[in-house]
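Student: Residue numbers (my numbering), protein chains in the order written: chain A, 1 to 289; chain B, 1001 to 1296.
1) Can you give me the start and stop residues for the alpha helix (DSSP H) that residue 133 of chain A sits inside?
2) For the candidate residues A:58, A:85, A:73, whose alpha-carbon lies nearest to that of residue 66 of chain A?
3) Measuring CB atoms only, is the stretch 1244-1259 of chain B touching the stretch 226-246 of chain A, in the sense that at least three cross pairs come out at less than 8 Å?
4) Between which two residues does the beta strand (DSSP E) containing residue 1072 of chain B stretch?
5) What is the rounded straight-line gap between the Cα of residue 1226 of chain B and the Cα of residue 289 of chain A?
6) Check the Cβ of residue 1094 of chain B against every Cβ in chain A and list those closer than 9 Å, keeping chain order.
7) Applying a beta-carbon distance threshold of less than 8 Å, which residues of chain B neighbour residue 171 of chain A?
8) Can you look up residue 1037 of chain B in the DSSP assignment and give me helix, strand or coil?
9) Please check the pair residue 1122 of chain B and residue 1041 of chain B, which I expect to be a contact at CB under 8 Å, by giving their CB distance rounded to whole angstroms.
10) Use the C-beta contact count for residue 1124 of chain B: other C-beta atoms within 10 angstroms, 16 or more gives buried, fewer gives exposed.
11) List in chain order: all unbroken alpha helix (DSSP H) runs of 4+ residues lying wholly within the stretch 1118-1149 of chain B.
12) Any idea if residue 1045 of chain B is buried or exposed, counting beta-carbon neighbours within 10 angstroms, 16 or more meaning buried?
13) Could you round the C-beta distance between residue 198 of chain A and residue 260 of chain A to whole angstroms and report it? I think they count as a contact, below 8 Å.
14) Between residue 217 of chain A and residue 135 of chain A, which are expected to be in contact by the criterion C-beta below 8 Å, what is the C-beta distance as a whole number of angstroms?
15) So what's residue 1056 of chain B in DSSP terms, helix, strand or just coil?
16) Is the beta carbon of residue 164 of chain A closer than 8 Å to that of residue 47 of chain A?
17) What are the boundary residues of the beta strand (DSSP E) that residue 1216 of chain B is part of?
18) Near residue 279 of chain A, which residues of its chain fall below 6 Å by C-beta distance, leaving aside the five closest residues on each side in sequence?
19) Closer than 9 Å by beta-carbon distance: list the chain A residues that pair up with residue 1065 of chain B, in chain order.
20) Please name the residues in the stretch 209-227 of chain A whose beta-carbon is closer than 7 Å to at least one beta-carbon of chain B, in chain order.
21) Could you give the distance in angstroms between the alpha-carbon of residue 1142 of chain B and the alpha-carbon of residue 1288 of chain B?
22) Applying the criterion that 16 or more other CB atoms from any shown protein chain within 10 Å of the CB defines a buried residue, is residue 276 of chain A buried or exposed?
23) Do residue 1109 of chain B and residue 1065 of chain B count as a contact pair if the criterion is CB distance below 8 Å?
24) Bridge partners for residue 160 of chain A per DSSP, in chain order?
25) Compare the beta carbon distance of residue 1280 of chain B and residue 1248 of chain B with 8 Å and say whether it is the shorter of the two.
26) Considering only C-alpha positions, which residue in the set A:159, A:143, A:138 is nearest to residue 44 of chain A?
27) Where does residue 214 of chain A fall in DSSP's three states?
28) Buried or exposed for residue 226 of chain A, please, with buried defined as at least 16 other CB atoms from any protein chain shown within 10 angstroms of its CB.
29) Which word fits residue 141 of chain A, buried or exposed, when buried means at least 16 other C-beta atoms lie within 10 angstroms of its C-beta?
30) If the cut-off is 7 Å on Cβ atoms, which residues from the stretch 1223-1243 of chain B count as contacting chain A, listed in chain order?
31) If you measure beta-carbon to beta-carbon, which residues of the stretch 277-288 of chain A are closer than 9 Å to chain B?
32) Thinking residue 250 of chain A and residue 219 of chain A are a contact (beta carbons under 8 Å), I'd like their distance in whole angstroms, please.
33) By alpha-carbon positions, which one of B:1278, B:1282, B:1274 ends up nearest to residue 1292 of chain B?
34) Once DSSP output is grouped into helix, strand and coil, what is the label at residue 1061 of chain B?
35) Got a sec: is the Cβ-Cβ distance from residue 242 of chain A to anything in chain B below 8 Å?
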């Protein structure tokens, strides 16, 4: 795949709109990564735990560093401080800053080395996050950024806190480009998107309404049709569906979402409550609708 | 410097505390240790990982998987909905049980009842596409070996024999004297709520189940799609679909196989009109028109 060309550190008005909105909403932005196929093998990266319970890794950026970065599954972006971004040549020292957190906008790190892993063309957002500044002051050593979703969306990530080690195996995954979608969504009409959830196969069930609000264990079955896969599995009207293939079925929408993931002909465990007792039956939906 | 520690809250998932944490203790008696569970998750519009949980047996609630947060955070709305009162004297509020969709269950936990500002902001604008009710941070996540593959619709969580220490509790004074940056950041949640009044909230997606026909079909070797049965009492049965009928068209779309049939039905909702063109073994063609029902 041809790598996406991106103008480095030259934020447009559109970018500022997005960044400002993002800062206000507390969300940060993900950009489409450049997929690298087959270039990397599963790689080990050790981390250390900061006293603040954060995972810290040391990374070389464009051959400079190491920089101290926090690995954060809850961060939708990868973020670099102005200092680290300038020193590593990710942004030019004279790139414009915004009034808010000295934002520099989007940029790309040509090469990040962390543990055994080499990452190419990693999209980052450059700004000085106050939390990182304070964390660095408290620790007595700077924290130079946060590794977020744009990084780990490229890998099957395994985190083992007991041995302080992560492994990364490359996967082929397209990251949604929020930079393109978000301004249009914020500015666009506020109409709800509509979607239809189709079950993978034919079950032969009609659902009732869950009772008990937040304490409801699941969705009751109103009717089981004769000759159906549901009947063959022993399901009965009045049974309360609690799980389908390990997914909770607390609402009819849940049931449909879970059934959508079950193709016809595949047998899955279905958890149910009958007369107050829990049971598990196997249901194999037929091909049909 | 230490004064700055406690006040940070969950800003961008970061809470600071430098007081020495107790050495992690292992209780080693938990039955779940070593067990793997497959955890369904949703990737939000904002590229956050959400999993569903039940708190004290009630729910489900959407929680963010966030290794950048130090503890378990329960939003005030979710806490109110389950009747969990935030502890007045203690920084932590005890939680009897936390069940994670997929099967993992933790008991006797400490939670912080609080609204981290970024959740307030995102929820106010409706940006994630689903409301976020709380955060699973380090004290929960570190009990598991986490495998996360964005190309798989579930994560794998394996219980470790490891019970992480609670993060140190900031003093009341520290919490009240936040550095200016954080007072500003924490003010942004309400600002986003105000902003939502002007630019509007992104409405939640309207999800409908597909309409129900009650047809079982098969793909014969000669090609096409043949009806095996119409479940008794189903909409297709009442409209007169018979075993052995060949399904030729659905709503003006030609049916070549099961895949094209599913595609033709993909947007059909309960109550929508469905027109099936079928051909019996004698080659006689009929058109069956009926309303799709509810069910699956």
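Cβ atoms here follow ideal geometry from the backbone N, Cα and C, with glycine treated the same way. Every value quoted in this text rests on a predicted model; they were computed, and no experiment measured them.
Tutor: On the basis of the supplied data:
1) Looking at the DSSP string, the run of the alpha helix (DSSP H) that includes residue 133 of chain A is 130-139.
2) The candidate whose alpha carbon is nearest that of residue 66 of chain A is A:58.
3) When Cβ pairs closer than 8 Å are counted between the two stretches, the stretch 1244-1259 of chain B is seen not to touch the stretch 226-246 of chain A, the count staying below three.
4) It spans 1072-1074 - the beta strand (DSSP E) in which residue 1072 of chain B sits, taken as one unbroken run.
5) Between residue 1226 of chain B and residue 289 of chain A, the C-alpha separation is close to 13 Å.
6) From the beta-carbon of residue 1094 of chain B, no residue of chain A is found nearer than 9 Å; the closest lies around 19 Å away.
7) In chain order: 1149, 1150, 1151.
8) The answer is strand: DSSP assigns residue 1037 of chain B an E or B state.
9) The Cβ separation is near 17 Å, so there is no contact.
10) Residue 1124 of chain B comes out buried.
11) For the stretch 1118-1149 of chain B, whole alpha helix (DSSP H) runs of length 4 or above, ordered along the chain, are 1138-1141.
12) Buried, by the Cβ-count rule.
13) Contact annotation, residue 198 of chain A with residue 260 of chain A: C-beta distance approximately 6 Å; criterion of less than 8 Å satisfied.
14) Not confirmed; about 43 Å, so no contact.
15) Coil.
16) Result yes, Cβ atoms of residue 47 of chain A and residue 164 of chain A sit closer than 8 Å.
17) 1215-1218 is the extent of the beta strand (DSSP E) around residue 1216 of chain B.
18) Within its own chain, the residues whose Cβ lies closer than 6 Å to the Cβ of residue 279 of chain A, once the five positions on either side in sequence are excluded, are 272, listed in chain order.
19) Contact note: residue 1065 of chain B reaches chain A through 73, 74, using a C-beta cutoff of 9 Å and chain order.
20) Using a CB distance below 7 Å, the part of the stretch 209-227 of chain A facing chain B consists of 214, 215, 225, 226, 227, ordered along the chain.
21) Rounded to the nearest angstrom, the two C-alpha atoms are 58 Å apart.
22) The residue in question, residue 276 of chain A, is exposed, as its Cβ has fewer than 16 Cβ neighbours within 10 Å.
23) Going by C-beta atoms, residue 1065 of chain B is not nearer than 8 Å to residue 1109 of chain B.
24) According to DSSP, residue 160 of chain A bridges with A:165, B:1145.
25) No; because the gap between Cβ atoms is not below 8 Å, this pair is not in contact.
26) Out of A:159, A:143, A:138, A:159 has the C-alpha closest to the C-alpha of residue 44 of chain A.
27) Looking at residue 214 of chain A - three-state DSSP - the assignment turns out to be helix.
28) It counts as exposed.
29) The residue in question, residue 141 of chain A, is exposed, as its Cβ has fewer than 16 Cβ neighbours within 10 Å.
30) Here the close residues are 1229, 1231, 1232, 1233, 1234.
31) Residues of the stretch 277-288 of chain A with a C-beta less than 9 Å from any C-beta of chain B: 285, 286, 287, 288, listed in chain order.
32) About 7 Å; that satisfies the 8 Å criterion.
33) For the residues B:1278, B:1282, B:1274, the minimum Cα distance to residue 1292 of chain B belongs to B:1274.
34) Strand.
35) Not flagged as an interface residue toward chain B: residue 242 of chain A, since no C-beta distance is shorter than 8 Å.
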